[in-house]
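Heads up: the sequence shown begins at -16 in my numbering, then just goes up one per residue.
Backbone N, C-alpha and C define an ideal beta-carbon position, used for all residues, glycine too.
Heads up, the thing below is written out as structure tokens.
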Amino acid sequence: MVIKVDDKRKSEISSSTKQFPKRLYASITVGKQPMNFQLNSGVTCNVISLSMLERCLGKVQLKGTTRVLKMYNKATTSTNALKDYLKAELERLESESILKVVTEPTPWVSNMVIVRKPTGKLRICIDPKDLNKATRRSHYPIPTIDEILPDLREARVFSVFDVRNGFWHVVLNKESSLLTTFITPFGRRRWLRMPFGLTSAPEEFQQRQHRVIENLPGVVAIHDDILVIGNGATREEAQRDHDVKVHALMRRCREKNTTLNADKVKLSCNEVTFMGHLLTDEGLKPDPDKVRAILEMPKPTDVAAVRRLIGFVNYLQRFLPNLSGVYEPLRKLTHNDTAWRSTEEQQLAFDTMKQLVGEVTILKYYQPSEELTLQCDASEKGLGAVISQNGQPLAFPNRALSRAEVNYAQIEKELLAVLFGLEKFRQYTCGRPV
-16 MVIKVDDKRK SEISSSTKQF PKRLYASITV GKQPMNFQLN SGVTCNVISL
34 SMLERCLGKV QLKGTTRVLK MYNKATTSTN ALKDYLKAEL ERLESESILK
84 VVTEPTPWVS NMVIVRKPTG KLRICIDPKD LNKATRRSHY PIPTIDEILP
134 DLREARVFSV FDVRNGFWHV VLNKESSLLT TFITPFGRRR WLRMPFGLTS
184 APEEFQQRQH RVIENLPGVV AIHDDILVIG NGATREEAQR DHDVKVHALM
234 RRCREKNTTL NADKVKLSCN EVTFMGHLLT DEGLKPDPDK VRAILEMPKP
284 TDVAAVRRLI GFVNYLQRFL PNLSGVYEPL RKLTHNDTAW RSTEEQQLAF
334 DTMKQLVGEV TILKYYQPSE ELTLQCDASE KGLGAVISQN GQPLAFPNRA
384 LSRAEVNYAQ IEKELLAVLF GLEKFRQYTC GRPV
């Protein structure tokens, strides 16, 4: 027996064994264009009527999209220990209008990621690696620590504030919100506020931060950290200046609906940690926690450990003269054509480097009105420079020579050191006598 389909889409059985089954087609609209698709169930005969199929399955219309790729990720499996927390956290974020349940088709579906905070709490994020490939960045400038150091020349009092859940202060429009859809064991959700992980999130948030502190002198915002600087010739004068600026910041935060984290406030301090450095009324110091981490690091036993050590130590480069020359024996071990070996030369370099780290120098803040001195030097394997005012150093940049630069004549190396120093301190040396 075979199945035949008449023009009225009704199935009937024919007892003729000489006839072959006719193909079944369904009309589906794709991008407003009706198209016929052949139905293939993988069997040679069908005894279920089309009308019954339609009643059971319903009619589906595919919605067209202008995107070439459609990204979908399978829901990640959460452990039983986290499942109850995850459900409660999703419900909390929905009640606070941070998340919204998604029922309609969406062009992008990302995986969910659960991250543990330093406080021990868990944070729900997404893994938008595929979405980031198709996202255009806003390329908004993010300040660095070097840009704010000249503003600290008369600083005596500091305060640091943390914006609570900073990215969630940025509201997404519906089109952008649908792109942030992610899959959970309890269905799909989309972010109504900016989630962590998007390639453009830091720049979009930095742009909002600048609008919040616009025209507030002595207030600096980098990412979710806000620094208030109290200037003055004496501590009392700086405290009064600081208090006026803090009150102005509080009013602005209230106007812009910016929520600060009360647990992370550091108010009216002589020194504060900001952007990985210790800002004091005496000058710039390295973060004590980072120094301690370097001093406690064991001797490297492979190339990966050497690279990790050099990466940590390079953070202190501005505080340590001739640092690159000291760790050069260790750096050579990272070359692809160099076999791993641990000799007395590497041990001496490791011990000397740790000794330097334990004796870091306090750096002076830049004073535009004072004379600027730049001293440069070149050795067989590295370049070094120091910029100072009245004999007090501002920084000690240095770097190793490349394999090609090692072959330069000494006079060329000396000139290269001068060029290196001028370019490294461009924000200080450009447009003024040195």
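(message) Measuring straight from C-alpha to C-alpha, what distance separates E388 and A378?
(response) 24 Å
(message) So, with DSSP's three-state summary, where would you put M177?
(response) coil
(request) State the Cα-Cα distance for the pair E328 and V286, rounded to the nearest angstrom. (result) 16 Å
(message) With a threshold of 8 Å, are at least 3 pairs of Cβ atoms found where one atom belongs to the stretch 192 to 199 and the other to the stretch 236 to 249?
(response) yes
(message) Here's a check: name, in chain order, each residue in its chain whose Cβ is nearer than 8 Å to the Cβ of T317, leaving out the five neighbours to either side.
(response) V286, V289, R290 and I293
(request) Please report the Cβ distance between I212 and N94, rounded to the nearest whole angstrom; I am assuming they are in contact, meaning their Cβ atoms lie under 8 Å. (result) Contact flag wrong, Cβ pair sits at about 42 Å.
(request) List the residues that DSSP assigns as beta-bridge partners of G213. (result) V140
(request) Reducing DSSP to helix, strand and coil, say where R419 ends up. (result) As displayed, the chain neither begins before -16 nor continues past 417, which places residue 419 out of reach and without an answer.
(request) Alpha carbon to alpha carbon, how far is D145 from N244? Give it in angstroms, no decimals. (result) 5 Å
(request) Grab the span of the beta strand (DSSP E) containing T413 for me, first residue to last. (result) Going by the sequence as given, residue 413 is Cys instead of Thr. Run containing C413: none; DSSP gives neither H nor E here.
(message) Can you look up N297 in the DSSP assignment and give me helix, strand or coil?
(response) helix
(message) Could you tell me the alpha carbon to alpha carbon distance between N156 and P88, rounded to whole angstroms?
(response) 17 Å
(message) If the criterion is Cβ atoms closer than 8 Å, does the pair M432 and Y310 meet it?
(response) The requested residue 432 does not occur in the structure, where the chain is confined to residues -16 to 417.
(message) For the beta strand (DSSP E) containing Q350, name the first residue and the last one.
(response) Per DSSP, Q350 belongs to no beta strand (DSSP E) and is neither H nor E.
(request) May I ask you to report which of helix, strand or coil DSSP gives R152? (result) A small fix is needed here, since residue 152 is His in this sequence, not Arg. H152 falls in the helix class under three-state DSSP.
(message) For a minimum of 4 consecutive residues, which ranges assigned as the alpha helix (DSSP H) are wholly contained in the stretch 297 to 349?
(response) 306 to 309, 311 to 314 and 327 to 340
(request) Grab me the residues of T412's own chain with a C-beta within less than 6 Å of its C-beta, minus the 5 sequence neighbours each way, in chain order. (result) L405
(request) Would you mind giving the Cβ-Cβ distance between P269 and F302, rounded to the nearest angstrom? I have them listed as a contact below 8 Å. (result) 6 Å
(request) In angstroms with no decimal places, state the Cα-to-Cα distance between V401 and E72. (result) 57 Å
(request) Determine the direct distance from the alpha carbon of D246 to that of H152, and round the result to whole angstroms. (result) 18 Å
(message) Suppose only complete runs of 3+ residues qualify. What are the beta strand (DSSP E) ranges in the stretch 228 to 284, listed by chain order?
(response) 249 to 252, 254 to 257, 260 to 263 and 267 to 269
(message) On the CB-based measure, 16 or more other CB atoms within 10 Å of its CB, does D67 come out buried or exposed?
(response) exposed
(message) Tell me which residues share the same chain as Q375 and place their Cβ nearer than 6 Å to its Cβ, disregarding the 5 neighbours each side in the sequence.
(response) K347
(message) For S371, report the span of its beta strand (DSSP E) as first-last.
(response) G365 to Q372
(request) Within the same chain, show all residues whose beta-carbon is closer than 8 Å to that of V343, passing over the 5 residues directly before and after it, in chain order. (result) K268, P269, V274, L299, F302 and L303
(request) Taking F165 as part of the beta strand (DSSP E), name the residues at either end of that continuous run. (result) F165 to T167
(request) Have a look at K104, S78, F179 and S142 and flag the residue whose alpha-carbon is nearest the alpha-carbon of L261. (result) S142
(request) Quick one: using the 10 Å Cβ neighbour count with 16 as the cut-off for buried, is N319 buried or exposed? (result) exposed
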